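Read through the structure below, which is laid out as structure tokens, and then see the notes.
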Amino acid sequence: MSTDRMQERVNEICNDLYSKGEKVSVRVILTYLPDVSSTLTVHKYYANWRKELEANEKSLYDKLGFSSEFTQMFMKEISRFSVEAEQRYKGYFCPSPDRVKSNQNFYS
Numbered sequence: 001m002s003t004d005r006m007q008e009r010v011n012e013i014c015n016d017l018y019s020k021g022e023k024v025s026v027r028v029i030l031t032y033l034p035d036v037s038s039t040l041t042v043h044k045y046y047a048n049w050r051k052e053l054e055a056n057e058k059s060l061y062d063k064l065g066f067s068s069e070f071t072q073m074f075m076k077e078i079s080r081f082s083v084e085a086e087q088r089y090k091g092y093f094c095p096s097p098d099r100v101k102s103n104q105n106f107y108s
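Below is the structure:
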């Protein structure tokens with residue numbers, strides 16, 4: 001699997017967990033990646049995700065001057081919303097094979 005694809009997968013998992021308020025850790029991420037067994041591999045991508053999250057929070061804090069507590073809560077809500085929107089988008093534009101089959105049966 002390509003480096004970019006692995007980063008995307010880890011980002012999706014982290015964003016999903018983060019938006020649900022669940023613990024985001026290397027071990028938890030590893031449970032969602034059955035084809036990966038190395039904690040070092042996952043840690044590299046998790047660290048990239050974490051750095052980006054912190055940079056976004058800091059940028060928002062610096063630009064708007066909000067407290068760090070407000071910024072963290074706001075970023076959690078934005079992350080939650082974006083994950084939900086992305087899941088709706090994927091469900092609408094990239095239907096599952098079962099859904100496609102169901103629609104084919106409906107129109108037959």
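Just so it is clear: in the sequence shown, position 85 is 85 by my numbering, and no numbers are missing.
Using N, Cα and C, we set each Cβ at its ideal position, and we do this for glycine too.
As the structure is a prediction and not an experimental result, all values here were calculated from the model.
query = With a cut-off of 8 Å, do at least 3 Cβ pairs link the segment 10-21 to the segment 29-49?
reply = Segments in contact, yes.
key: Option nearest Met6 by Cα separation, candidates Lys44, Glu22, Asp16 and Arg27   = Looking at Lys44, Glu22, Asp16 and Arg27, the one whose alpha-carbon comes closest to that of Met6 is Lys44.
ask   = Do you know how far the Cα of Ser19 is from the Cα of Lys76?
value = When rounded, the separation of the alpha-carbon atoms in Lys76 and Ser19 is 6 Å.
query = Is it the case that the CB of Gly21 approaches a heavy atom of the ligand PLP more closely than 7 Å?
reply = As presented, the structure is devoid of all ligands, the ligand PLP included, so that no description of it is given.
inquiry  = Check for me: the alpha helix (DSSP H) holding Val42 runs from which residue to which?
reply    = Thr39 to Leu64 is the extent of the alpha helix (DSSP H) around Val42.
Three-state class that DSSP yields for Gly91 in the structure shown = In the three-state DSSP reduction, Gly91 falls in the helix class (H, G or I).
query = So the alpha helix (DSSP H) Ser19 belongs to, where does it begin and stop?
reply = Ser19 -> alpha helix (DSSP H) spans Thr3 to Ser19.
ask   = Taking C-beta to C-beta, are Cys14 and Val24 nearer than 8 Å?
value = Yes; because the gap between Cβ atoms is below 8 Å, this pair is in contact.
query = Nearest to Glu69 by CA position, among Arg80, Thr41, Lys63 and Glu57, is which residue?
reply = When each option's Cα is compared against that of Glu69, the closest is Glu57.
Status (buried if at least 16 other CB within 10 Å, exposed otherwise) for Thr71 = Taking all protein chains in view, the Cβ of Thr71 is crowded by 16 or more other Cβ atoms within 10 Å, so the residue is classified as buried.
inquiry  = Going by DSSP, what residue range makes up the alpha helix (DSSP H) through Leu30?
reply    = Under the DSSP assignment, Leu30 falls in the alpha helix (DSSP H) whose first and last residues are Val26 to Thr31.
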